[in-house]
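One structure below.
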Amino acid sequence: MTSVRAMFHLRSGRAGKVARKSKAADGAPERVVEVVPMRRSHLKSVIAIERRIFPSPWSLGLYLSEITQPATRAYYVACVGPQVVGYAGMMVVVGEAHVTNIGVAPEWQRHGVARRLLLQLAREARQRSAQHLTLEVRVSNVGAQALYHEFGFVPAGVRKNYYSEVHEDALVMWAHDIHTDDYRLRLEGIEARLRPLGPPHGAGQAPAAPEK
Ligand SMILES: CC(C)(COP(=O)(O)OP(=O)(O)OC[C@H]1O[C@@H](n2cnc3c(N)ncnc32)[C@H](O)[C@@H]1OP(=O)(O)O)[C@@H](O)C(=O)NCCC(=O)NCCS
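Numbering (my numbering), first residue to last: 527 to 738.
Laid out in structure tokens, this is it:
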């Protein structure tokens with residue numbers, strides 16, 4: 527797993543290290559989201575989010591197995607201060623990176639957290655010489671599909687009853703040629719458009735979470 531430590535300055539929307547003690551124009555404390563490699567110490571929080579957003583949550587054992595295979599896996603968490611608010615991971619083998627999971631706590635959804643996590647995964651996939659990115663998503667999960675479309679993913683097929691626990695098909699999506707300058711420019715464009723984080727959604731106001 528890379529030692530890359532991505533920090534996104536959410537008030538300015540720019541990547542890079544920032545002073546933590548500065549204040550926003552409204553006087554509120556600066557909110558900074560950091561994307562850092564997932565460690566064992568994050569897993570309790572990751573599992574807690576996983577159980578809130580997925581009908582068939584991954585187990586602790588599965589996450590442990592994933593994060594202890596750094597040669598072929600890369601997992602990250604997004605943190606606001608000490609709080610884990612989202613996570614994502616992928617498997618990289620023979621030129622292909624397969625996004626295995628991505629999730630954001632309901633109260634932090636629609637703040638660009640997943641966008642930041644995917645930026646990290648896509649950049650790491652490029653560093654690891656992957657030429658293509660792929661993933662599966664529920665056919666009904668149009669919100670996630672919109673996010674993936676932004677990263678150049680296009681539908682390539684359907685896996686029937688892939689999510690058998692809820693009897694739903696998976697849309698298979700691919701982003702091709704991620705090693706090219708064109709794709710690097712796409713990622714730079716996404717990063718340039720990142721917006722400030724804003725406060726978390728209040729209790730009972732979280733957007734409906736689409737299923738995996
Ligand atoms: C899908 C998920 C990871 C998105 O995380 P997020 O941090 O809310 O996503 P972002 O804020 O980065 O959204 C980026 C873009 O994706 C699209 N998008 C994300 N969620 C959406 C939703 N619920 N409805 C419509 N569009 C959505 C939008 O285009 C959004 O940009 P915008 O907010 O500027 O309009 C999150 O909703 C989640 O954890 N869902 C439950 C688990 C899940 O479905 N995981 C995906 C498995 S394949």
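By construction, the Cβ of each residue, glycine as well, lies at the ideal position given by its N, Cα and C atoms.
Computed from a predicted model, the values in this text were never measured in an experiment.
Hey, quick one: how far does the beta strand (DSSP E) through residue i stretch, first residue to last?
i	result
L659	658 to 664
E622	622 to 630
H702	694 to 702
R565	That residue, R565, is in no beta strand (DSSP E); it is neither H nor E in DSSP.
G615	609 to 619
R599	599 to 606
G683	680 to 689
By how many angstroms is the C-alpha of residue j removed from the C-alpha of residue i?
i	j	result
E650	H693	33 Å
R654	V618	8 Å
G510	P726	Because the chain here runs from 527 to 738, residue 510 falls outside it and cannot be looked at.
V559	G724	11 Å
P596	V625	15 Å
T594	I628	18 Å
A701	S585	28 Å
L590	R599	11 Å
R577	L659	26 Å
W634	G607	13 Å
V572	Y613	7 Å
A631	I575	6 Å
P563	V611	14 Å
H711	N687	It is Leu, not His, that sits at residue 711 in the sequence shown. The alpha-carbon atoms of L711 and N687 are separated by roughly 36 Å.
Y709	A604	23 Å
L720	V684	31 Å
E668	Y674	Checking the displayed sequence, the identity of residue 668 turns out to be Val instead of Glu. C-alpha separation (whole angstroms): 10 Å.
Along the chain, where does the alpha helix (DSSP H) containing residue i start, and where does it finish?
i	result
Q646	639 to 653
G669	668 to 676
R712	707 to 718
Using the beta-carbon count (16 or more within 10 Å), is residue i buried or exposed?
i	result
V691	Looking at the sequence itself, residue 691 is Glu, so the reference to Val does not match. Classification for E691: exposed.
Q646	buried
P525	The chain is shown from 527 up to 738; residue 525 falls before or after that span and cannot be answered.
E592	buried
R642	buried
G715	exposed
G587	exposed
V639	buried
V561	buried
V663	buried
G615	buried
I704	buried
Give the list of continuous beta strand (DSSP E) stretches no shorter than 3 residues that lie fully inside the region 569 to 593. If one requires a minimum length of 3 residues, no beta strand (DSSP E) run lies completely within the region 569 to 593.
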